[in-house]
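Novice: Using this note's numbering, the first residue of the sequence shown is number 14, and each one after it goes up by one.
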Amino acid sequence: MPMPVISYFPISLPPEARAGFEQTWKSRVGAVDTFPGFISTELLALPDRGEYVVLSRFEDEKSFEAWITSDNFTKGHRGESYDSYKDNPAMKSHKLFEVLG
14 MPMPVISYFP ISLPPEARAG FEQTWKSRVG AVDTFPGFIS TELLALPDRG EYVVLSRFED
74 EKSFEAWITS DNFTKGHRGE SYDSYKDNPA MKSHKLFEVL G
């Protein structure tokens, strides 16, 4: 049986980028909300330090992989595909965890 997964994506931002990032998050398109296999997403913050973590839950890894390769992902990320993020140094800290309990 497939295991639920959580995408863990930490982000560090300089002071001048924080307000814009938070506003973009609040007004995000929400394309993921109805995506098959999607469970939830949360933004955790230590805003005074510019540290954020995006947690996204999916029913299984297959659903997550379908999401990151979808047109909806690109639309929800200001026109940038998942592949374009791979060149970003921040992507090196992205992790996908299985939920064991």
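Glycine included, C-beta positions come from ideal geometry on N, C-alpha and C.
All of these numbers come straight from a predicted model, not from anything done at the bench.
Identify the residues that DSSP records as bridge partners of glutamate 55: which are they?
Specialist: DSSP, once it has assigned bridges, lists Leu68 as partnering glutamate 55.
Novice: Between the alpha carbons of leucine 59 and proline 23, how many angstroms are there, rounded?
Specialist: Those two C-alpha atoms are separated by around 11 Å.
Novice: Since serine 76 is in the alpha helix (DSSP H), which residue starts that stretch and which ends it?
Specialist: From DSSP, the alpha helix (DSSP H) with serine 76 extends over 74 to 81.
Novice: Give the single residue among Phe110, Thr87 and Asp73 whose Cα lies nearest to the Cα of isoleucine 52.
Specialist: Answer by Cα proximity: Asp73.
Novice: Measuring straight from C-alpha to C-alpha, what distance separates serine 25 and tyrosine 65?
Specialist: About 6 Å.
Novice: Where does the unbroken alpha helix (DSSP H) through proline 28 begin, and where does it stop?
Specialist: Looking at the DSSP string, the run of the alpha helix (DSSP H) that includes proline 28 is 28 to 39.
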